[in-house]
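>
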Amino acid sequence: GKSQTAHQPAIVPEKPSDTGQWSVAGKGKGKRGGSDKRGEPFRGPAERDFSQKHEGASLKDGQQSHMQQGQGGGQPQQAQRGTQPYEGPSVGATAGRTPTVAIKKLPPRPGLGTRGRPIRLLTNFFKVEIPPDLTLYHYDVVIEPNVPRAIKRKVMQGAKLQHDWVFSGQYPVFDGEKNLYCHKKLERSQVDVEVSMEDRGRTRQFKVVIKYTGHIVECGTIEKVICDPAQRMDALAALDLVLRQGTVLKPDVVSVGQSFFTPSRSNTVTLGDGREVWFGYRQTARPSMWKTVLLNIDIAATAFYKEQPVLEFLKDILSDDLQRDGRYDGGRRGGGRGGRGGGRQDRGSGGHVEVPQQLSEYQRKRFLKEIKGLKIVVTHLSYPRQYKVDNVPSKTASEQTFTLTLDNGQEVERTVERYFADTYNIKLRYPNLPCLHVAAKNKNVYLPLECCKIAKGQRCSKKLTEMQLRNMIRHTAKPAEERRQDILRNVSNGMAHLYECALLIRV
1 GKSQTAHQPA IVPEKPSDTG QWSVAGKGKG KRGGSDKRGE PFRGPAERDF
51 SQKHEGASLK DGQQSHMQQG QGGGQPQQAQ RGTQPYEGPS VGATAGRTPT
101 VAIKKLPPRP GLGTRGRPIR LLTNFFKVEI PPDLTLYHYD VVIEPNVPRA
151 IKRKVMQGAK LQHDWVFSGQ YPVFDGEKNL YCHKKLERSQ VDVEVSMEDR
201 GRTRQFKVVI KYTGHIVECG TIEKVICDPA QRMDALAALD LVLRQGTVLK
251 PDVVSVGQSF FTPSRSNTVT LGDGREVWFG YRQTARPSMW KTVLLNIDIA
301 ATAFYKEQPV LEFLKDILSD DLQRDGRYDG GRRGGGRGGR GGGRQDRGSG
351 GHVEVPQQLS EYQRKRFLKE IKGLKIVVTH LSYPRQYKVD NVPSKTASEQ
401 TFTLTLDNGQ EVERTVERYF ADTYNIKLRY PNLPCLHVAA KNKNVYLPLE
451 CCKIAKGQRC SKKLTEMQLR NMIRHTAKPA EERRQDILRN VSNGMAHLYE
501 CALLIRV
């Protein structure tokens, strides 16, 4: 594909008639106050709250940009009861599928404000200029064997690199499941290719079938059908994929719903219990009342599990117990849990928590509760093999046995400790700690804690503590100008796909 350089977009002030970024505050017709809504993007009368599931530090859509101020004492526009919020496009609505989002007609506003001082507001909505002849051709994709979405994206990238003739040099837009869009029709209506790729230290073969559905998305005519929810869904879903495709394909980006996060040691905040805050941004393509498409971008934050050795994760989980048991060297002492100078909030403030030599039954169950279901990566192999934790057995590495088949076919019982010593020449430092039982097909695989680390990029879906929530909110509260600069830095993401489709984001 062609390489493109993403430049920092320039800030181009537009006329009020183009952006509608004028607002009149105060009491107007009907004495109800309000603002001139000619410039407000259509997003439904009720807002979707992204603060649930630990994205709480991110503002609601449009909250920062459509607050009303003025001498007349106007109040922010309230949601009308009995109406449905616009939830954004769904890929499931493409290719003639029936949309599942119920959208009701909005009631007309009572009038426009006439009193008060007009003020100009800068919003985090960016106009997307769409060429009138932009057409996207919809293809159905089947990848065998079936793998998670992240692997499917890599397989499709491999198909692009290994069989570029299929796409005639253009960038295909893939949603990670079944839908693929091209801005030029492929030469063949169905293509079957084989893709080889490295996955977890081994070479795997995939079969990719790309079949034309006969469905064409006329994105260039979206302005004509923007007021018709049934007709605009396909175009919005396809445009949303195009706008986010460049970011999704970056190897260091983790996508969570409509948000994107890039891990960085300088851009994370430790929360405790092996968790940390990652900062990123969220973007959605939205229709507007000016019959144009707007791109809404806002900063976001959520909790992830820290990439670290499992022994360090164990210390984070049991730090309070280990401090009370005397396995705490240095730092501030005294005060006990919750007292002055002690407690959970003082972790890492000059002290060191030692790794326990063994666990009580209570500590084992607590550790199991936190680590079960997490992905771990082994460190004793020459390649990064990944597993999912299924259990933490009560037996230690020196006690846990399994059936080992020797080269001569003889089956013997081996402890995990002896197996690692004989096979990998590794003498375990903590043989009295339990092992991790990992999920593997038709196998009982036991791994010592000291030979594993927490895999990178795992979102924490468990409930945060009050202290963690306060800490998260404190670090996500930013001044308006700093927030604006963060948003502008993210506008140029995925420029290669935008250039190819001749899309332009106006800032």
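The sequence shown begins at 1 in UniProt numbering and counts up one residue at a time.
Even glycine gets a Cβ: it sits at the ideal position worked out from N, Cα and C.
Rounded to whole angstroms, what is the Cα-Cα separation between Leu433 and Cys452?
Near 13 Å, if we compare the C-alpha coordinates of Cys452 and Leu433.
> Below 7 Å between beta carbons: does that hold for residue 517 and Val195?
Not covered by the structure: residue 517. The range shown for the chain is 1 to 507.
> DSSP state of Asp240, grouped into three classes?
In this structure, Asp240 counts as helix in the three-state DSSP scheme.
> Rounded to the nearest angstrom, what separates Lys395 and Tyr419 at their Cα positions?
Going by the C-alpha atoms only, they are around 15 Å apart.
> Can the beta-carbon of Val392 be found closer than 7 Å to that of Leu368?
Yes, these two residues count as a Cβ contact at 7 Å.
> Cα-Cα, which of Ala300, Ile371 and Arg429 is closest to Asp486?
Checked all of Ala300, Ile371 and Arg429; the closest Cα to Asp486 is Ala300.
> Start and end of the beta strand (DSSP E) containing Thr405?
Note, Thr405: beta strand (DSSP E), Thr401 to Thr405.
> For Val293, which three-state DSSP category applies?
Residue state, collapsed to three classes: strand.
> Give the range of the alpha helix (DSSP H) segment to which Glu370 is assigned.
Here the alpha helix (DSSP H) through Glu370 covers Glu361 to Ile371.
> Taking all protein chains shown into account, do 16 or more other C-beta atoms lie within 10 angstroms of the C-beta of Arg286, making it buried, or fewer, making it exposed?
Arg286 is buried by the Cβ-count criterion.
> Tell me Ile454's beta-bridge partners as DSSP assigns them.
Partner(s): Ile376.
> When we look at the beta-carbon of Thr292 and count the other beta-carbons within 10 Å, is it buried (16 or more) or exposed?
It is buried - the Cβ of Thr292 has at least 16 other Cβ atoms within 10 Å.
> With H, G and I counted as helix, E and B as strand and the rest as coil, what does DSSP make of Leu186?
Leu186 falls in the coil class under three-state DSSP.
> Can you list, in chain order, the stretches of the alpha helix (DSSP H) that have 4 or more residues and sit fully within the stretch 428 to 484?
Those alpha helix (DSSP H) runs which fall completely within the stretch 428 to 484 and span 4+ residues are 466 to 476.
> Give me the residue from Glu218, Ile210, Arg275 and Leu295 with the minimum Cα distance to Lys127.
When each option's Cα is compared against that of Lys127, the closest is Leu295.
> If you follow the alpha helix (DSSP H) that Ala159 is part of, which residue opens it and which one closes it?
Here the alpha helix (DSSP H) through Ala159 covers Arg149 to Gln162.
> Where does Asn490 sit, in a helix, a strand or coil, going by DSSP?
The answer is helix: DSSP assigns Asn490 an H, G or I state.
> With three or more beta-carbon pairs closer than 8 Å as the criterion, would you say the stretch 265 to 280 touches the stretch 464 to 473?
Judged by Cβ distances under 8 Å, the stretch 265 to 280 makes contact with the stretch 464 to 473, as three or more pairs qualify.
> So is the beta-carbon of His475 under 6 Å away from any non-hydrogen atom of the ligand COA?
The ligand COA is absent from the structure shown, which contains no ligands of any kind.
> Nearest by alpha-carbon distance to Asp321: which of Lys306, Asn179 and Val355 is it?
Among Lys306, Asn179 and Val355, the Cα nearest to that of Asp321 is on Val355.
> Can you confirm whether the stretch 124 to 143 touches the stretch 177 to 186 when touching is taken to mean that 3 or more C-beta pairs between the two stretches lie within less than 8 Å?
Contact holds: three or more Cβ-Cβ distances are below 8 Å.
> Please list, in chain order, all residues of the same chain as Leu428 whose beta carbon is under 7 Å from its beta carbon, the five residues on each side excluded.
For Leu428, where only same-chain residues beyond five positions count, the Cβ hits under 7 Å are Ala397, Glu417, Phe420, Pro448 and Glu450.
> State the Cα-Cα distance for the pair Asp252 and Ser264, rounded to the nearest angstrom.
If I take the Cα positions, the gap works out to 10 Å.
> Out of Gln205, Arg202, Lys207 and Asp240, which one is the CA nearest neighbour of Cys219?
Answer by Cα proximity: Asp240.
> Would you tell me roughly how many angstroms separate the C-alpha atoms of Lys105 and Asn490, rounded to the nearest one?
Computed Cα separation, rounded: 33 Å.
> To the nearest angstrom, how far is the alpha carbon of Leu374 from that of Leu249?
One C-alpha to the other measures close to 24 Å.
> Use the C-beta contact count for His7: other C-beta atoms within 10 angstroms, 16 or more gives buried, fewer gives exposed.
Only weak support is given to the placement of His7: the predicted model assigns it a pLDDT of 40, under 50, and the value that follows is read from those uncertain coordinates. Looking at its Cβ environment, which holds fewer than 16 other Cβ atoms inside 10 Å, His7 is exposed.
> For Lys456, collect the residues of the same chain with a Cβ closer than 6 Å to its Cβ; drop the 5 residues on either side in sequence, then sort them by chain order.
Glu307, listed in sequence order.
> Between which two residues does the beta strand (DSSP E) harbouring Thr268 extend?
Counting along the chain, the beta strand (DSSP E) containing Thr268 begins and ends at Thr268 to Gly272.
> Once you ignore the five residues that flank Lys152 on each side, which residues in its own chain have a CB closer than 6 Å to its CB?
Excluding sequence neighbours, Lys152 sits near Ile143 and Gly176.
> Taking Leu381 as the reference, give the member of Asp298, Arg202, His215 and His183 with the closest Cα.
Closest option to Leu381, Cα to Cα, is Arg202.
> I'd like to check one pair, Cys460 with Arg275: are the Cβ atoms closer than 7 Å?
Yes, the pair counts as a contact, with Cβ atoms nearer than the cut-off.
> Who are the near neighbours of Tyr424 in its chain, counting only those whose CB is closer than 7 Å to its CB and skipping five residues on each side?
Closer than 7 Å at Cβ, skipping near neighbours: His380.
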